[in-house]
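For the sequence shown, my numbering gives the first residue as 3, with consecutive numbering after it.
See structure below.
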Amino acid sequence: MHHRRLPRRLVQLYAGLALYGLSMALLVRSGLGVMPWDVLHQGLARQLGWSLGVVTIAVGALVLLAWAPLRERPGLGTVSNVVVIGLVLDAVLAVLPEPSSLAVRVALVPAGILLNAVATAAYIGVHLGPGPRDGLMTGLVRRTGRSVRLVRTSIEVAVVALGWLLGGTLGVATVLYALSIGPLVHALLPRLSVQLPAPVS
Numbered sequence: 003m004h005h006r007r008l009p010r011r012l013v014q015l016y017a018g019l020a021l022y023g024l025s026m027a028l029l030v031r032s033g034l035g036v037m038p039w040d041v042l043h044q045g046l047a048r049q050l051g052w053s054l055g056v057v058t059i060a061v062g063a064l065v066l067l068a069w070a071p072l073r074e075r076p077g078l079g080t081v082s083n084v085v086v087i088g089l090v091l092d093a094v095l096a097v098l099p100e101p102s103s104l105a106v107r108v109a110l111v112p113a114g115i116l117l118n119a120v121a122t123a124a125y126i127g128v129h130l131g132p133g134p135r136d137g138l139m140t141g142l143v144r145r146t147g148r149s150v151r152l153v154r155t156s157i158e159v160a161v162v163a164l165g166w167l168l169g170g171t172l173g174v175a176t177v178l179y180a181l182s183i184g185p186l187v188h189a190l191l192p193r194l195s196v197q198l199p200a201p202v203s
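As structure tokens, then:
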């Protein structure tokens, strides 16, 4: 770990994770669909009677366990991702009421997606470990030899289908998120990536 830029990286990591939880809450409150993994989280929360944040933490921890056979290495960012996002999500949902106006609900969709892209680029850009779900994808890509696009799409179709069957919200925001998040993060990552000093040989 490069200690010279560690304070900046830690601040950006936790700001990014907090914004990620906030972005999830905005999409939940829109009522127009959520991110692919959140369809599963919602379905499980509905079936188990747990809060959405607690389910998000539990699923993140279970996915992290799946890293073991894939030989992925978690970092500080990985473990923080599991805990912080779920806590922030529940905190925001506790104070953010469901909007009665359709116009506000519609506006929450692009706001939530754009904020999520900023949050994702922020926490990836500090190089402190991927989120558990991203690590699952990269581990499977490495072990199977399949493309990132195929593996990611397969995982997300599976979690959306299972979540929908369990009662999660599949809507227009889910589709918009799936189509736009890749290009948005790709555009934002160079601006938010922390340049680490080259190792001394």
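Even for Gly, the Cβ is constructed at its ideal location relative to N, Cα and C.
Fair warning: this is a prediction, and the values are worked out from it, not measured in the lab.
Residue environment for residue 51: exposed (fewer than 16 other C-beta atoms within 10 angstroms of its C-beta). An exposed status is given to residue 181, since fewer than 16 other beta-carbon atoms sit within 10 Å of its beta-carbon. For residue 135, same chain residues with a beta-carbon under 7 Å away, outside a window of 5 residues either side, are 39 and 65 in chain order. When the alpha-carbon of residue 168 is set against those of 41, 133 and 14, the nearest one is in 41. Comparing alpha carbon positions, the residue from 10, 137, 150 and 190 closest to residue 121 is 190. Under the three-state reduction of DSSP, residue 146 is assigned to helix. Just so you know, the alpha carbons of residue 100 and residue 30 end up roughly 9 Å apart. Within the region 38-65, the complete alpha helix (DSSP H) segments at least 4 residues long are 38-50, listed from N- to C-terminus. With respect to the 8 Å criterion, residue 37 and residue 91 are not classified as neighbours on the basis of their beta carbons. The Cβ-Cβ distance between residue 153 and residue 139 falls below 8 Å. In the DSSP annotation of this structure, the continuous segment of the alpha helix (DSSP H) that includes residue 82 starts and ends at 78-97. Under the 10 Å beta carbon count, residue 160 is surrounded by fewer than 16 other beta carbons and is classified as exposed. Rounded to whole angstroms, residue 142 and residue 183 show a C-alpha spacing of 21 Å.
Using a Cβ distance threshold of 8 Å, residue 88 and residue 55 count as a contacting pair.
Taking the Cα of residue 9 as reference, the smallest distance to any Cα among 116, 130 and 105 is reached at 130.
DSSP places residue 100 outside both helix and strand once states are collapsed to three, so it counts as coil.
Classified as exposed, residue 49 has fewer than 16 neighbouring CB atoms from the shown chains inside 10 Å of its CB. Bounds of the alpha helix (DSSP H) holding residue 182 are 174-194. Collapsing the DSSP output to three states places residue 165 in a helix.
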